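Undergrad: Sharing a structure here in structure tokens format.
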Amino acid sequence: KEIAQVGAISANSDYSIGERIAEAMEKVGKEGVITVEDGKSLNDELDIVEGMQFDRGYLSPYFINNPEKQTAILENPFILLCDKKISNIRDLLPVLEQVAKAGRPLLIIAEDIEGEALARSGCEQHPRHSENLCC
Numbered sequence: 079k080e081i082a083q084v085g086a087i088s089a090n091s092d093y094s095i096g097e098r099i100a101e102a103m104e105k106v107g108k109e110g111v112i113t114v115e116d117g118k119s120l121n122d123e124l125d126i127v128e129g130m131q132f133d134r135g136y137l138s139p140y141f142i143n144n145p146e147k148q149t150a151i152l153e154n155p156f157i158l159l160c161d162k163k164i165s166n167i168r169d170l171l172p173v174l175e176q177v178a179k180a181g182r183p184l185l186i187i188a189e190d191i192e193g194e195a196l197a198r199s200g201c202e203q204h205p206r207h208s209e210n211l212c213c
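Residue 79 is where the sequence shown starts when you use my numbering, and the numbers rise one by one after that.
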């Protein structure tokens, strides 16, 4: 009930929004994330998304290895998760060397990969390299 009241106050005293926020909090729990967005219809909607959702896709069209579906498919990849922007190739070199030794693909999920790190990884210039790396 308190969450609904706080939600309503935050929504300019709109108690239906407050109730919807309380419902969302109940469903996702304390560790969940709630995003409020403007909708295109007149009705309020509550969508629950399980797992993680990414706002962006791959950084380069060279990562596409299934042109029919416009997807990048990696089999048994290593996955590097980074909550920061990667812009220096030196930050990636130890990981890239270990992945190359193992002979498995690498999927990098990061806030962003830019500049030297993207260009020097070979993704932009050499489409063959992108078969084993996807950002």
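Cβ atoms here follow ideal geometry from the backbone N, Cα and C, with glycine treated the same way.
Computed from a predicted model, the values in this text were never measured in an experiment.
Assign L171 to one of three DSSP states: helix, strand, or coil.
TA: In the structure shown, L171 sits in a helix (DSSP, three-state: H, G or I).
Undergrad: Bridge partners of L158, per DSSP?
TA: Answer is I186, bridged to L158.
Undergrad: Closer than 6 Å by C-beta to K105: which residues in its own chain qualify, once you throw out the five before and the five after it? Chain order, please.
TA: These residues qualify, in order along the chain: I126.
Undergrad: Going along the chain, which residues of its own chain have a beta-carbon closer than 7 Å to the beta-carbon of L124, five neighbours each way excluded?
TA: Excluding residues within five positions, the ones whose Cβ falls inside 7 Å are R98, E101 and A102.
Undergrad: Hey, would you say R182 sits closer than 8 Å to F156, going by beta carbons?
TA: In contact: R182 and F156 (Cβ atoms closer than 8 Å).
Undergrad: Kindly indicate the opening and closing residues of the alpha helix (DSSP H) around K105.
TA: Its alpha helix (DSSP H) spans residues Y93 to V106.
Undergrad: Count the CB pairs spanning the stretch 127-141 and the stretch 161-176 that are closer than 8 Å, and state whether there are at least three.
TA: In short, these stretches do not touch, since the Cβ pair count stays below three.
Undergrad: E112 by DSSP, collapsed to three states: which one?
TA: Residue identity differs from the one stated: residue 112 is Ile in this sequence, not Glu. Of the three classes helix, strand and coil, the one that applies to I112 here is coil, per DSSP.
Undergrad: Over what stretch of residues does the alpha helix (DSSP H) that includes A86 continue unbroken?
TA: Element bounds for A86: E80 to S88.
Undergrad: With a CB to CB cut of under 8 Å and the five nearest residues on each side skipped, what residues in its chain are close to A82?
TA: Result list for A82: Y93, G96, E97, I99 and A100, in chain order.
Undergrad: Indicate whether L159 and L184 have their beta-carbon atoms separated by less than 8 Å.
TA: Contact flag unset, no.
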